[in-house]
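Numbering (my numbering), first residue to last: 7 to 357. Reading through the structure tokens given below for one structure.
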Ligand SMILES: Cc1cc2ncn([C@H]3O[C@H](COP(=O)(O)O)[C@@H](O)[C@H]3O)c2cc1C
Ligand SMILES: O=C(O)c1cccnc1
């Protein structure tokens, strides 16, 4: 099994000519220059990414990636591991937060099971890949084999290919995996050479003693792993199946010129892996919200990312990104449909 081409290929650059045209148009619209704040930059970035005069965020392709984490053996989550599989069934039934939000946005939602401890039977609408029965316990041994991480990256790349075929104007990835705030924190510590105290948080609801224990588990994992910061080595040793698939999807979208709206802590860590591997991928990422998970700030800062929203959300599933889609839609509508000073007969500023 070979890595997807997007793992090593040069990343395309958003279109500079369309960017300039969009910047010029923003100056002609009936408003003081800059008065729509970051909505202006959003429209300009989307115009450059989509290589169009008329950027849009109408066709949104979403995928929620699920997988189990062996590190749950260390007692690092407030919830039992079985919830991962139970939530996959909930996605299939349409009852999860991201199910509701995808309908609200009239977006496509794919559900992928990368691997649960208990194999799932057939669930309608679930792509049941079952690469492994979850990851191994990363505090004690490498989380994945080379073949497993490769399969997960390829699964994410295949989602990006389907998004491209469907004509997606925007991609959103989401995560589901009990224990994955620990996995994401370990990955961030390894890539940023940062302190577990700064990256570990309550996740689904640990108390202070639970967070201290989580920090200790993360320290053990980092000690076992050593100081290899190569993104593939870090992902294999310390990652999760769903986080690897998210990384593959984000790189796959950048390779196919699809802008991505990044969700919270977990997806941001997948983005960090992607950007460490292919720095050019950063130009395709928008950051939706600041998660309540305290480590998110460090991960955002490492990518010089300023998220759009700060709603105290800490769910994952892609939910924060889904909520931010309406801001992108508003930015595009304003850019595409506002009158210019000349068309409306409004006097422009005097200098
Ligand atoms: C019912 C439920 C639905 C979720 N949807 C996303 N998560 C989120 O919370 C989990 C990570 O937190 P921790 O590391 O503390 O286990 C992941 O499953 C993540 O996707 C959920 C968690 C629960 C309990
Ligand atoms: O921000 C996130 O992605 C997050 C936070 C807590 C639990 N699950 C996900």
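Ideal Cβ positions, reconstructed from N, Cα and C, are used throughout, including at glycine. Bear in mind that the values here come from a model prediction, so they are computed numbers and not experimental data.
Hey, residue 21 and residue 54 are a contact pair by Cβ (cut 8 Å); roughly how many whole angstroms apart? Start at 1 with the first residue of the chain shown, and residue 21 comes out as number 15. Start at 1 with the first residue of the chain shown, and residue 54 comes out as number 48. Contact holds; Cβ gap of about 5 Å.
Could you give the first and the last residue of the continuous beta strand (DSSP E) run that contains residue 113? For the purposes of this step, residue 113 is identified with residue 107 of the chain shown, where counting begins at 1. Per DSSP, residue 113 lies in no beta strand (DSSP E) segment and is marked neither H nor E.
Once you ignore the five residues that flank residue 342 on each side, which residues in its own chain have a CB closer than 7 Å to its CB? Along the chain shown, read from residue 1 onward, the residue named residue 342 stands at position 336. Beyond the five residues adjoining it in sequence on each side, residue 342 comes within less than 7 Å, by CB distance, of 60 in the same chain, given in chain order.
As assigned by DSSP and simplified to three states, the class of residue 346: For this step, residue 346 is matched to residue 340 along the chain shown. Of the three classes helix, strand and coil, the one that applies to residue 346 here is strand, per DSSP.
Terminal residues of the continuous alpha helix (DSSP H) containing residue 91? As a working mapping, residue 91 is identified with position 85 in the chain shown. Taken as a continuous stretch (DSSP letters only), the alpha helix (DSSP H) holding residue 91 covers 89 to 99.
Would you decide whether residue 26 is buried or exposed? Buried here means 16 or more other CB atoms lie within 10 Å of its CB. Within the chain shown, numbered from 1, the residue matching residue 26 stands at position 20. Exposed, because fewer than 16 other Cβ atoms sit within 10 Å of the Cβ of residue 26.
State the beta-bridge partners of residue 68 as determined by DSSP. For the purposes of this step, residue 68 is taken as the residue at position 62 of the chain shown. Looking at the DSSP assignment, residue 68 forms a beta bridge with 115 and 178.
I'd like to know whether the C-beta atoms of residue 132 and residue 143 end up nearer to each other than 8 Å. In the chain shown, the residue the question calls residue 132 occupies position 126. In the chain shown, the residue the question calls residue 143 occupies position 137. Taking the C-beta atoms as reference points, residue 143 is found no nearer than 8 Å to residue 132.
Determine, using beta-carbon pairs with one atom in the region 169 to 188 and one in the region 63 to 75, whether at least three such pairs fall under 8 Å. Verdict: yes, contact present.
Note down, one range per segment and in chain order, each alpha helix (DSSP H) of at least 4 residues found wholly within the region 103 to 171. The region 103 to 171 contains these whole alpha helix (DSSP H) runs: 103 to 110 and 152 to 171.
Throw me the rounded Cβ distance for the residue 137 and residue 157 pair, which I believe falls under 8 Å. Numbered from its first residue, the chain shown carries residue 137 at position 131. Numbered from its first residue, the chain shown carries residue 157 at position 151. Contact between residue 137 and residue 157 holds, since their C-beta atoms are separated by about 5 Å, short of 8 Å.
Are there 16 or more other CB atoms within 10 angstroms of the CB of residue 346, so buried, or fewer, so exposed? Mapped onto the chain shown, residue 346 falls at position 340. Counting every other CB atom within 10 Å of its CB across the protein chains shown gives residue 346 a total below 16, marking it as exposed.
Looking at residue 214 and ligand 1, is the gap between the Cβ and the nearest heavy atom below 7 Å? Along the chain shown, read from residue 1 onward, the residue named residue 214 stands at position 208. No - ligand 1 has no heavy atom lying nearer than 7 Å to the Cβ of residue 214.
What are the start and end residues of the beta strand (DSSP E) that includes residue 266? Looking up residue 266 in the chain shown gives position 260. Run containing residue 266: 266 to 268, per the beta strand (DSSP E) assignment.
In whole angstroms, what is the alpha-carbon distance linking residue 258 and residue 226? One-based indexing of the chain shown puts residue 258 at position 252. One-based indexing of the chain shown puts residue 226 at position 220. Whole-angstrom Cα-Cα distance: 32 Å.
Using only CA atoms, which one of 37, 33 and 38 lies nearest to residue 50? Your numbering for residue 50 matches position 44 in the chain shown. The candidate whose alpha carbon is nearest that of residue 50 is 33.
Considering Cα atoms alone, identify which of 31, 193 and 95 is closest to residue 304. Position 298 of the chain shown, counted from the first residue, corresponds to residue 304. Each of 31, 193 and 95 was checked against the Cα of residue 304, and the nearest Cα belongs to 193.
Residue 5 (DSSP reduced to helix, strand or coil): This structure cannot speak to residue 5, because the chain is shown only from 7 to 357.
Nearest to residue 271 by alpha carbon, out of 285, 152 and 209? Within the chain shown, residue 271 is the residue found at index 265, counting from 1. Residue 271 has its Cα closest to that of 209, out of 285, 152 and 209.
Start-to-end residues for the alpha helix (DSSP H) that takes in residue 186: Here residue 186 refers to the residue found at position 180 of the chain shown. Here the alpha helix (DSSP H) through residue 186 covers 186 to 198.
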